[in-house]
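The following block contains the structure:
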């Protein structure tokens, strides 16, 4: 029933020379001692939270309800906001989280009901992750009535190897439902938006991801913008039911506009495209796909 913060020296604020902090060394994660904060008070640190390698500059435990998390500026954390496997966040707002040089995730929630995440700016470190440390800007496992709006996620990347390369801007799992609007995801090594569950999307921008939109289950969208993808502007997983009212897509390569994995039902009502002549429109990676494309999509 608590959010546990890890607070580090305030002298690491914006515009203060690093030399001013030299006499007081930043504690290592093993030395940091979190203090419990009642959920009703939330978490709003007054200075920059410098948390090198810390799995959660703020840690959600148990059931946390009717609270506000943020605004906060976080640097160098493994995850900026982490939650225990059995935690539940309800009727809460996460607002104004600015996190830079993250090692893995910006925000990870296990179960989130009636939660708003807004006004965020989450950026991973320049060095890509390896092994089991799959990076995601925002990751949500389960929950209903979730709203994610007005923010951006950038650079959540893994080293490219022989297998599949993960690394997503925003990732939701199949037991989630909600709305996402006015968010930009850029420079991620897999999906800009990797969306499972039942979601309504609008006014999203994905650029320079492998798959700008990676959509599963049931997704309806207003306007989606895709730029500079390397694999597909929109990829739809097996059995996916996807409707997009307006797809705005531009690229300088021949990478497909749409990839369907099998048993899908995809409708794109209209498109505004800027792509090289001969670029593939639809690529099928499975059978029994139903694809309906409106004006401007060919």
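Residue numbers (my numbering): 904 to 1201. For glycine and all other residues, C-beta sits at the position ideal for the given N, C-alpha and C.
Exposed or buried, residue i, counting other C-beta atoms within 10 Å across all chains shown (16 or more means buried)?
| i | result |
| --- | --- |
| residue 1014 | buried |
| residue 1069 | buried |
| residue 1198 | exposed |
| residue 1071 | buried |
| residue 994 | exposed |
| residue 1065 | exposed |
| residue 1112 | buried |
| residue 1133 | exposed |
| residue 979 | buried |
| residue 1075 | buried |
| residue 987 | exposed |
| residue 962 | buried |
Report the rounded CA-to-CA distance for residue i versus residue j, giving the unit in angstroms.
| i | j | result |
| --- | --- | --- |
| residue 1116 | residue 976 | 28 Å |
| residue 1033 | residue 1003 | 19 Å |
| residue 1160 | residue 1081 | 26 Å |
| residue 1017 | residue 998 | 14 Å |
| residue 1089 | residue 1054 | 12 Å |
| residue 968 | residue 1102 | 23 Å |
| residue 1000 | residue 950 | 13 Å |
| residue 1186 | residue 1060 | 25 Å |
| residue 1122 | residue 1097 | 11 Å |
| residue 1131 | residue 1154 | 5 Å |
Report back the beta-carbon spacing between residue i and residue j to the nearest angstrom; my notes put them in contact at under 8 Å.
| i | j | result |
| --- | --- | --- |
| residue 1124 | residue 1104 | 4 Å |
| residue 1049 | residue 1011 | The pair is not a contact, with the Cβ atoms about 13 Å apart (cut-off 8 Å). |
Please state whether DSSP places residue i in a helix, a strand or coil.
| i | result |
| --- | --- |
| residue 1167 | coil |
| residue 1177 | strand |
| residue 1149 | strand |
| residue 1089 | strand |
| residue 1037 | coil |
| residue 1032 | strand |
| residue 1188 | coil |
| residue 1059 | coil |
| residue 1197 | coil |
| residue 944 | coil |
| residue 1094 | strand |
| residue 1050 | strand |
- request: Report the residue ranges of all beta strand (DSSP E) runs contained in full by the segment 962 to 987; include only those spanning at least 3 residues, in chain order.
  value: 966 to 968, 975 to 978 and 982 to 986
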